[in-house]
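A.B. asks:
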Amino acid sequence: MVLAAETPIVGTGRDYTHLVQDYRVHGSLYTDPSVFADEMKHIFTDGWVFVGHESEIPNGGDWVARRLGTERVLMARTPEGEISVVANRCAHRGTTLCPQSEGNNRNFRCPYHAWTYALDGTLLGAPFPQGFRNGKPDVRLDQPGQIGIYRGFVFANQSGTAGPLSEHLGPGGSDLLDRAADMSPTGRLQLNGGWIGQRVDSNWKMWPESDNDGYHIIFAHESLASSLLAGSQYEDVILEGEGRTKSVARDYGGGHVELDFRKSYTTELAWLGAPRGKVSAYCDDLEDAYGVEKAKSIMWDGPPHAFVFPNLFLGEMNIARIDPLAPGLTEHHHTPLLVETSDPGINRRVVLQSEAAMGPASFFLPEDVVIAERMHRAFDVGGATDLHGHTERGWVELGRGIEREQSGGGQRWSDVTDETTSRGFWHHYRCVMSGSATSGPAEGNGAAPPTDRRATVKADQRRCRPSTRPRGARSRNSSTTRLCSRMSPGTKTGWRWSPTTFTTGCRSGPVTTSRAPG
Amino acid sequence: MPFGAGDYEPGSRVSFLNDNRNRLRTRIQQLMSGRRYSQVPKSPMRRVISNIQILAVHPGDNGDGDGDEYEVGSNFVLYEHAVQATNDMRIWVGRTTHRLRRTDEGLRIAAKKVELVNSTSALPNMAFII
Chain A
0 MVLAAETPIV GTGRDYTHLV QDYRVHGSLY TDPSVFADEM KHIFTDGWVF VGHESEIPNG
60 GDWVARRLGT ERVLMARTPE GEISVVANRC AHRGTTLCPQ SEGNNRNFRC PYHAWTYALD
120 GTLLGAPFPQ GFRNGKPDVR LDQPGQIGIY RGFVFANQSG TAGPLSEHLG PGGSDLLDRA
180 ADMSPTGRLQ LNGGWIGQRV DSNWKMWPES DNDGYHIIFA HESLASSLLA GSQYEDVILE
240 GEGRTKSVAR DYGGGHVELD FRKSYTTELA WLGAPRGKVS AYCDDLEDAY GVEKAKSIMW
300 DGPPHAFVFP NLFLGEMNIA RIDPLAPGLT EHHHTPLLVE TSDPGINRRV VLQSEAAMGP
360 ASFFLPEDVV IAERMHRAFD VGGATDLHGH TERGWVELGR GIEREQSGGG QRWSDVTDET
420 TSRGFWHHYR CVMSGSATSG PAEGNGAAPP TDRRATVKAD QRRCRPSTRP RGARSRNSST
480 TRLCSRMSPG TKTGWRWSPT TFTTGCRSGP VTTSRAPG
Chain B
0 MPFGAGDYEP GSRVSFLNDN RNRLRTRIQQ LMSGRRYSQV PKSPMRRVIS NIQILAVHPG
60 DNGDGDGDEY EVGSNFVLYE HAVQATNDMR IWVGRTTHRL RRTDEGLRIA AKKVELVNST
120 SALPNMAFII
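So the protein lines, in turn, are chains A and B. Position 208 of the first sequence, counted from 1, bears residue number 207 in numbering that gives the first Met the number 0, the numbering being contiguous throughout. Position 97 of the second sequence, counted from 1, bears residue number 96 in numbering that gives the first Met the number 0, the numbering being contiguous throughout.
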């Protein structure tokens, strides 16, 4: 069968306004392969998706391999310093060009017939030119309709129809990225500390939920209550329990959500688990760069714990990306949030915190992984169709705190243990997946902020905002480029023990006594 | 446990784990709490260790000429039945380098490095002590 160019190959007719309600979502949304196909279309093709950070590819020829949804892409720096995102797939027969995760090349050369591409995806040449009209095939590597960069974070929109990145981020998402980037005294993060990947046998949507769930920490991570958590910053910001902290769960609209710990910190640098004396050069750099007042707020507030729709987790001292590979298979990759500073020690602390918090052998993430995998299996009963056809059962309850949620100024917020963050993700999901509207501000409906603190509990009370942009309208390619400066590389001695550390029997890294889990 | 071949200074980039004594203690406490859910129930597992080589002998300063510390390499294959959620049989393969120190109580591990052959991939949970 030949599909016409415009024949939709997805579009299942699922009623997402029924499957996603304000206080509950249906379990088939995690397991149904046709739902996954709809997501690849509506979220990962038609919308903006996080790809990487420009500091990962500082030099011309640098590239990293990524996913845009399920599609393999390469994010590269051209010799002219521009950022490009191209399909990791030869335009001839489709061979994967780069099987590695990163590298530096003058061009991309396919091993099959040696078709060779510039880093921006332009075809430079193919062997034996007489066989081609005009001596060269008239193709290039596929590329997203548009890419956009904000504070070094590179996003791509495959369809080119999603409108400007600024509209996707909104004031909430932009502010979250600003707060992450401002942790660096130069305003430029250096996400060059490598990525560690965690394989999860669950649907990807467990991660926007779990990474931003303030309710589970004291329970799912109880095994750390007597060790890492005790005396850490989490004791003040979340472990006191319901209504006992000043932390809040925030929904900024657009699917961007945060566990906002800022008001709970009782000392500066609590998020780092180190006093100022340990990182004094970093603090001085912040003051020199931003002035005393802003530097003080950065030192107190720390980096955000937040999610930028649909696949970027700002996990305090980590940046993580969520790759959905199949309905029941996800990869959760993280890299430490490294900063440009004259301080010799802070980035090393950040790496240690990162190793404690995330990854397959860390102290935190394995619990979230096994819970996600158990959730997935619990809904994967006899095929998703069974659940889908019987929606009187198999629901996920997300109503905690809906009655005491407050809203105003384009946000909703509630106690940090409330499921406001999950509801924020799912509300936007419903708007996107129902296919004809974008999500409005979190306070909803464009109405004036309610003065009554209590929202009315009613299914589907939050509506989507009609899109002002006709679907299918193609916006111009908003590719922006900027060469970023780079810290001088440190001396690399490798994972080998020097004679000194050998005789003392310690690892060669610094020994930390910090109990903060990162 | 480094990323890849570990050709970088530990702490200069992120590793799978890079425990010091405190972190190792925390890891054991966490497992012993009974609430380390990624190891509840515990994974049944078997290790096969082979190709054991003494890579270097470092004489001590007591003048008896014996080695006091040894660098020892070995290969391993570890089969793990991940019974917590997926019921997968997971196969972990790699090379371990030990620093062994002779003490009054016998040989003790002073340091240990584990290089997995597939550490550049996204890996499933490894919540036990490798």
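No residue lacks a Cβ here, since even glycine has one placed at the ideal position from N, Cα and C.
Just the C-alpha distance for Thr244 of chain A and Lys262 of chain A, rounded to the nearest angstrom, thanks.
C.D. replies: One C-alpha to the other measures close to 8 Å.
A.B. asks: Rounded to whole angstroms, what's the CA-CA distance from Phe35 of chain A to Asp322 of chain A? Just pull it up for me.
C.D. replies: Taking the straight line joining both Cα atoms gives about 13 Å.
A.B. asks: On a Cα-Cα basis, can you pick out the residue from A:Gly12, A:Arg13, A:Val24 that is closest to Glu391 of chain A?
C.D. replies: Ranking the options by Cα distance to Glu391 of chain A, first place goes to A:Val24.
A.B. asks: Please tell me whether Gln189 of chain A and Leu337 of chain A are closer than 8 Å, where the distance is taken between their beta carbons.
C.D. replies: The answer is yes: Cβ separation under 8 Å.
A.B. asks: Checking contacts by CB at 8 Å: is His332 of chain A closer than that to chain B?
C.D. replies: Chain B contact via Cβ: present.
A.B. asks: Does the pairing of the stretch 71 to 86 of chain A with the stretch 137 to 157 of chain A give three or more beta-carbon distances under 8 Å?
C.D. replies: These segments touch.
A.B. asks: Based on Cα-Cα distance, which residue from A:Asp300, A:Leu271, A:Gly26 lies nearest to Asn346 of chain A?
C.D. replies: Measuring from the Cα of Asn346 of chain A, the nearest candidate turns out to be A:Leu271.
A.B. asks: Go ahead and label Asn87 of chain A buried or exposed: buried means 16 or more other beta carbons lie within 10 angstroms of its beta carbon, across all protein chains shown.
C.D. replies: Counting Cβ neighbours within 10 Å, Asn87 of chain A comes out buried, since at least 16 surround it.
A.B. asks: Near Leu123 of chain A, which residues of its chain fall below 8 Å by C-beta distance, leaving aside the five closest residues on each side in sequence?
C.D. replies: Once the five neighbours on either side are set aside, the close Cβ partners of Leu123 of chain A are Asn106, Thr115, Tyr116, Ala117.
A.B. asks: Going by Cα to Cα distance, which pick from B:Val71, B:Arg12, B:Gly33, B:Ala126 is closest to Arg89 of chain B?
C.D. replies: Ranking B:Val71, B:Arg12, B:Gly33, B:Ala126 by Cα distance to Arg89 of chain B puts B:Ala126 first.
A.B. asks: Straight-line CA distance for Glu70 of chain B to Asp103 of chain B?
C.D. replies: Distance between the alpha carbons of Glu70 of chain B and Asp103 of chain B: 19 Å.
A.B. asks: For chain B, find out if any of its Cβ atoms is closer than 8 Å to the Cβ of Ile401 of chain A; answer yes or no.
C.D. replies: Ile401 of chain A does not count as touching chain B.
A.B. asks: Going by CA-CA distance only, name the one from A:Gly213, A:Asn58, A:Asp287 that's closest to Asp417 of chain A.
C.D. replies: Of A:Gly213, A:Asn58, A:Asp287, the residue nearest in Cα terms is A:Gly213.
A.B. asks: Ser226 of chain A and Gln38 of chain B look like a contact to me (Cβ under 8 Å); what is the Cβ gap, rounded to whole Å?
C.D. replies: About 15 Å; that fails the 8 Å criterion.
A.B. asks: Do you know offhand how far Ser279 of chain A's Cα is from Val13 of chain B's?
C.D. replies: If I take the Cα positions, the gap works out to 23 Å.
A.B. asks: Answer yes or no: does any C-beta atom of chain B fall closer than 8 Å to that of Asp174 of chain A?
C.D. replies: Not closer than 8 Å to any Cβ of chain B, the Cβ of Asp174 of chain A fails to qualify, so no.
A.B. asks: Please report the Cβ distance between Arg275 of chain A and Leu268 of chain A, rounded to the nearest whole angstrom; I am assuming they are in contact, meaning their Cβ atoms lie under 8 Å.
C.D. replies: With 8 Å as the limit, Arg275 of chain A and Leu268 of chain A qualify as a contact, their Cβ atoms being about 6 Å apart.
A.B. asks: Does the distance from the CB of Gly327 of chain A to the CB of Ser120 of chain B come in under 8 Å?
C.D. replies: Not in contact: Gly327 of chain A and Ser120 of chain B (Cβ atoms no closer than 8 Å).
A.B. asks: Which residue's Cα is closest to the Cα of Pro9 of chain B: A:Val415, A:Ser353, A:Gly407?
C.D. replies: For Pro9 of chain B, the nearest C-alpha among the options comes from A:Ser353.
A.B. asks: Among A:Phe260, A:Arg399, A:Ala305, which residue has its Cα nearest to the Cα of Trp299 of chain A?
C.D. replies: Measuring from the Cα of Trp299 of chain A, the nearest candidate turns out to be A:Phe260.
A.B. asks: Is Tyr574 of chain A helix, strand or coil when you go by DSSP?
C.D. replies: Residue coverage of chain A in this structure runs from 0 to 517, which leaves residue 574 of chain A outside it and unanswerable.
A.B. asks: Please state whether the Cβ-Cβ distance between Val415 of chain A and Leu258 of chain A is less than 8 Å.
C.D. replies: Closer than 8 Å, so yes.
A.B. asks: Kindly say whether Gly93 of chain B, judged by its beta-carbon, lies nearer than 8 Å to any beta-carbon of chain A.
C.D. replies: Not an interface residue.
A.B. asks: Taking DSSP's pairing of strands, which residues face His332 of chain A in a bridge?
C.D. replies: Per DSSP, A:Gly196, A:Arg320.
A.B. asks: Between which two residues does the alpha helix (DSSP H) carrying Gln145 of chain A extend?
C.D. replies: From DSSP, Gln145 of chain A is part of no alpha helix (DSSP H) but of the beta strand (DSSP E) over 145 to 149.
A.B. asks: Residues in the stretch 347 to 358 of chain A with C-beta within 8 Å of chain B's C-beta atoms, listed in sequence order?
C.D. replies: Of all residues in the stretch 347 to 358 of chain A, Arg347, Val350, Leu351, Ser353, Glu354, Ala355, Gly358 have a Cβ within less than 8 Å of some Cβ in chain B.
A.B. asks: Roughly how many angstroms separate the alpha carbons of Glu81 of chain A and Glu396 of chain A, rounded to a whole number?
C.D. replies: About 46 Å.
A.B. asks: What residue range is occupied by the uninterrupted beta strand (DSSP E) comprising Arg95 of chain B?
C.D. replies: Per the sequence presented here, residue 95 of chain B reads as Thr, with Arg not at that position. From DSSP, the beta strand (DSSP E) with Thr95 of chain B extends over 87 to 102.
A.B. asks: In angstroms, rounded to a whole number, what distance separates the CA positions of Thr121 of chain A and Lys135 of chain A?
C.D. replies: Approximately 12 Å, taken between the alpha carbons.
A.B. asks: What residues in its chain sit with their C-beta under 6 Å from that of Arg66 of chain A, if we drop five residues either side in the sequence?
C.D. replies: Correct list, in chain order: Asp322.
A.B. asks: Return the CA-CA distance between Ala125 of chain A and Arg92 of chain A, expressed in angstroms with no decimal places.
C.D. replies: Rounded to whole angstroms, Ala125 of chain A to Arg92 of chain A spans 13 Å at the Cα level.
A.B. asks: Please report the distance separating the alpha-carbon of Pro57 of chain A from that of Asn191 of chain A.
C.D. replies: Computed Cα separation, rounded: 9 Å.
A.B. asks: Starting from the Cα of Ser54 of chain A, find the closest Cα among A:Glu339, A:Phe378, A:Phe363, A:Val349 and give me that residue.
C.D. replies: The shortest C-alpha separation from Ser54 of chain A is found at A:Glu339.
A.B. asks: Express the C-alpha separation of Leu324 of chain A and Trp206 of chain A in angstroms, rounding to a whole number.
C.D. replies: The straight-line gap from Cα to Cα measures roughly 13 Å.
A.B. asks: At a CB-CB cut-off below 8 Å, which residues of chain B make contact with Glu372 of chain A?
C.D. replies: Those are Gln83, Ala84, Thr85, listed as they occur along chain B.
A.B. asks: If you draw a straight line from the C-alpha of Val92 of chain B to the C-alpha of Asn133 of chain A, how long is it?
C.D. replies: If you take the alpha carbons of Val92 of chain B and Asn133 of chain A, they lie about 52 Å apart.
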